[in-house]
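To start, the structure itself, in structure tokens.
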């Protein structure tokens with residue numbers, strides 16, 4: 001091609017970029033038509049729209065919808081198309097009926113194919129936890145053992161007789177370690193006699209419970225341990241035996257809880273041995289529960305967000321299909337529709353809701369995700385990303401604090417972190433428990449806690465490792481926008 005003509009074409013394109021309205025010049029109609037044939041969207045001529053804007057709510061240029069609002073021309077998104085459909089003057093009722101008939105089958109098909117908003121079943125199927133249950137036994141279902149009446153008056157003679165019966169039982173228990181279980185059964189009879197004579201003492205109940213443990217009868221042992229603890233809430237043996245019984249039933253978390261209380265009241269080696277078997281299982285169950293609770297929360301949050309979006313776009317669900325077909329009848333380059341019928345269908349609030357978001361709207365939405373003057377707890381990497389994006393959109397400094405419940409320095413610095421959040425309301429204070437949000441901790445390669453990251457506009461500015469109060473305050477003052 002001629003170099004001079006190419007230069008002229010470049011100049012024309014440059015002018016079009018800076019002022020697209022020149023494409024409305026009749027002499028360039030051929031060029032405009034060519035661009036549209038390639039799929040280009042040609043903005044409407046502001047001058048033409050201004051002339052037509054008196055009493056006019058919006059315009060359609062064959063591809064997009066525009067609204068004249070406060071002297072500004074704004075493009076609106078597809079959620080406004082039902083309004084366009086209802087207000088089109090050029091589509092006759094007969095043609096609208098024709099469109100409805102041609103689309104009825106399509107709408108039925110779409111309605112029939114609607115699925116779960118998350119694209120999957122609502123049910124979360126939990127995987128099994130691999131536990132060491134070698135010592136777990138089948139629950140005993142014997143009739144409840146005899147219990148004493150605490151309202152009975154206990155005389156000195158009864159108390160002495162109860163002590164004698166208990167002493168004999170202890171001898172049988174010692175012999176029962178190396179002989180048949182009949183010795184243990186005899187011991188139970190003697191302890192039961194002691195309980196009936198002196199039902200106000202916790203010791204016989206705890207002793208009988210220990211015999212039931214030897215006989216692998218955990219439910220009976222739990223009943224006696226409960227009775228002992230009702231009489232004496234500080235009975236170390238009561239907690240110990242009940243914890244051992246819970247372990248025999250595979251109720252690991254309850255077992256760990258009782259055994260820890262027993263060890264605080266009166267530690268012995270037997271408690272330590274049982275805890276070594278119980279704690280690994282209890283920790284696995286706790287981690288399993290936290291994992292699926294985290295999954296449920298993330299799923300609920302995702303579902304709520306989808307439902308919110310679906311509600312906002314509900315006006316499209318019944319009309320969008322008809323709109324697409326109705327546009328086939330639109331021949332003019334620019335079609336207008338007046339306020340008239342539109343106001344009967346949409347309130348001003350609904351109309352404003354379909355406008356494309358401005359920068360102010362984006363900032364408002366971002367701010368709604370943040371909490372001025374508060375520490376925001378983070379439970380997953382995805383939630384962390386959302387909060388950091390919100391901070392970035394509002395150009396706020398974000399402080400990312402990685403902590404752990406078992407961390408001593410973290411317990412020292414956490415109250416200060418909360419106070420700093422109140423002192424600097426325009427700074428985003430985030431807090432991540434590395435044991436809860438492991439994916440977030442892994443993504444940030446956390447090797448020690450407490451660790452603080454200072455982030456702004458998506459960039460890492462600085463980092464503080466350890467519970468250094470002065471360094472933390474100094475960095476906040478350095479990077480805070482209020483400085």
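Residue numbers (the working numbering): 1 to 483. Glycine included, each C-beta is placed from N, C-alpha and C at the ideal position.
* To do: Pair every Cβ in the region 147-166 with every Cβ in the region 190-207, then say whether three or more of these pairs are closer than 8 Å.
  => By the Cβ test, the region 147-166 is in contact with the region 190-207, since at least three Cβ pairs between them sit closer than 8 Å.
* To do: Measuring alpha carbon to alpha carbon, tell me which of 269, 237, 297, 218 ends up nearest residue 249.
  => Proximity to residue 249 across 269, 237, 297, 218 peaks at 218, based on C-alpha coordinates.
* **Backbone secondary structure at residue 285 - three-state DSSP** => Three-state result, residue 285: helix.
* Asked: What three-state label does DSSP hand residue 436 in the structure shown?
  -> When secondary structure is reduced to three states using DSSP, residue 436 falls in the coil class, being assigned neither helix nor strand.
* residue 397 versus residue 139 - alpha carbon distance -> Rounded to the nearest angstrom, the two C-alpha atoms are 58 Å apart.
* Asked: Can the beta-carbon of residue 247 be found closer than 7 Å to that of residue 278?
  -> A contact, by the Cβ cut-off of 7 Å.
* Asked: Assuming residue 131 and residue 284 make a contact with CB atoms under 8 Å, what is their CB distance in whole Å?
  -> 6 Å between Cβ atoms; contact.
* Out of 449, 379, 462, point me to the one whose CA is closest to residue 477's CA. => Checked all of 449, 379, 462; the closest Cα to residue 477 is 462.
* Asked: For residue 256, which three-state DSSP category applies?
  -> DSSP, reduced to helix, strand and coil, places residue 256 within a helical segment of the structure shown.
* CA-CA distance, residue 194 and residue 147? -> Answer to the nearest angstrom: the Cα atoms are 10 Å apart.
* To do: Give the straight-line distance between the Cα atoms of residue 231 and residue 412, rounded to the nearest whole angstrom.
  => Each residue's alpha carbon lies about 40 Å from the other.
* Could you say which of 280, 253, 238 lies nearest to residue 265 if we only look at CA atoms? => The closest CA to that of residue 265, considering only 280, 253, 238, is found on 238.
* Asked: Which residue comes first and which comes last in the beta strand (DSSP E) that contains residue 461?
  -> DSSP places residue 461 inside the beta strand (DSSP E), whose first and last residues are 459-465.
* Does the Cβ of residue 383 have 16 or more other Cβ atoms within 10 Å, making it buried, or fewer, making it exposed? -> Result: buried.
* **One or two residues paired with residue 452 in a DSSP bridge** => Looking at the DSSP assignment, residue 452 forms a beta bridge with 401, 464.
* To do: Let me know if residue 174 comes out buried or exposed under the rule of 16 or more other beta-carbons within 10 Å of its beta-carbon.
  => With fewer than 16 Cβ atoms within 10 Å of its Cβ, residue 174 is classed as exposed.
* Asked: Just curious, the alpha helix (DSSP H) that residue 211 is in, first and last residue?
  -> From DSSP, the alpha helix (DSSP H) with residue 211 extends over 202-214.
* residue 34 classed as buried or exposed, judged by whether at least 16 other C-beta atoms fall within 10 angstroms -> Around the CB of residue 34, fewer than 16 other CB atoms lie within 10 Å, so the residue is classed as exposed.
* Buried or exposed by the 16-neighbour rule on C-beta atoms within 10 Å, applied to residue 281 -> Around the CB of residue 281, 16 or more other CB atoms lie within 10 Å, so the residue is classed as buried.
* Specify, as a first and last residue, the run of the beta strand (DSSP E) that residue 375 falls within. => Where residue 375 is concerned, the enclosing beta strand (DSSP E) stretches over 375-378.
* **Secondary structure of residue 309, DSSP reduced to three states** => Per DSSP, reduced to three states, the secondary structure at residue 309 is helical.
* Asked: Exposed or buried, which one is residue 11 when buried takes at least 16 other CB atoms within 10 Å?
  -> Result: exposed.
* Asked: Pick from 208, 415, 233: whose alpha carbon is nearest that of residue 245?
  -> Cα-wise, what sits closest to residue 245 is 208.
* To do: Give the DSSP-derived three-state secondary structure of residue 110 in the structure shown.
  => The pLDDT assigned to residue 110 is 41, lower than 50, so where the model puts this residue is not dependable; a value taken from the coordinates is nonetheless given after this. Helix at residue 110.
* To do: Could you name the residues that DSSP lists as bridge partners for residue 431?
  => As computed with DSSP, residue 431 is found in a beta bridge with 377, 401.
* Which term fits residue 451, buried or exposed, when burial requires 16 or more other beta carbons within 10 angstroms of its beta carbon? -> So residue 451 counts as buried.
* Whether residue 399 touches residue 429 by CB criterion (7 Å) -> Yes, they are a contact pair.
* **Chain-order list of residues whose beta-carbon lies under 7 Å from that of residue 14 (same chain, five-residue window excluded)** => Nothing meets the Cβ criterion.
* Asked: Since residue 16 is in the alpha helix (DSSP H), which residue starts that stretch and which ends it?
  -> DSSP places residue 16 inside the alpha helix (DSSP H), whose first and last residues are 3-18.
* Asked: In terms of residues, what are the limits of the alpha helix (DSSP H) holding residue 420?
  -> 408-423 is the span of the alpha helix (DSSP H), which, as asked, contains residue 420.
* To do: Measure the beta-carbon distance from residue 220 to residue 145 and round it to whole angstroms, keeping in mind my assumption that it falls under 8 Å.
  => Residue 145 and residue 220 do touch by the CB rule: their CB atoms are close to 6 Å apart, below 8 Å.
* Asked: Of the residues 256, 257, 183, 262, which one's Cα is nearest the Cα of residue 206?
  -> If we check each option's Cα against that of residue 206, 262 comes out closest.
* **C-beta contact flag for residue 42 and residue 28 at 7 Å** => Not in contact: residue 42 and residue 28 (Cβ atoms no closer than 7 Å).
* Asked: Under a Cβ-count criterion, where at least 16 other Cβ atoms within 10 Å of its own Cβ denotes burial, should residue 267 be classed as buried or exposed?
  -> Using a 10 angstroms sphere on the CB of residue 267, the tally of other CB atoms stays under 16, which defines it as exposed.
* Asked: At which residues does the alpha helix (DSSP H) containing residue 35 begin and terminate?
  -> 29-37 is the span of the alpha helix (DSSP H), which, as asked, contains residue 35.
* Contact set for residue 436: own chain, Cβ-Cβ below 8 Å, skip 5 residues either direction -> A distance below 8 Å between beta-carbons, with the five flanking residues on each side excluded, links residue 436 to the following residues of its chain, in chain order: 290, 294, 379.
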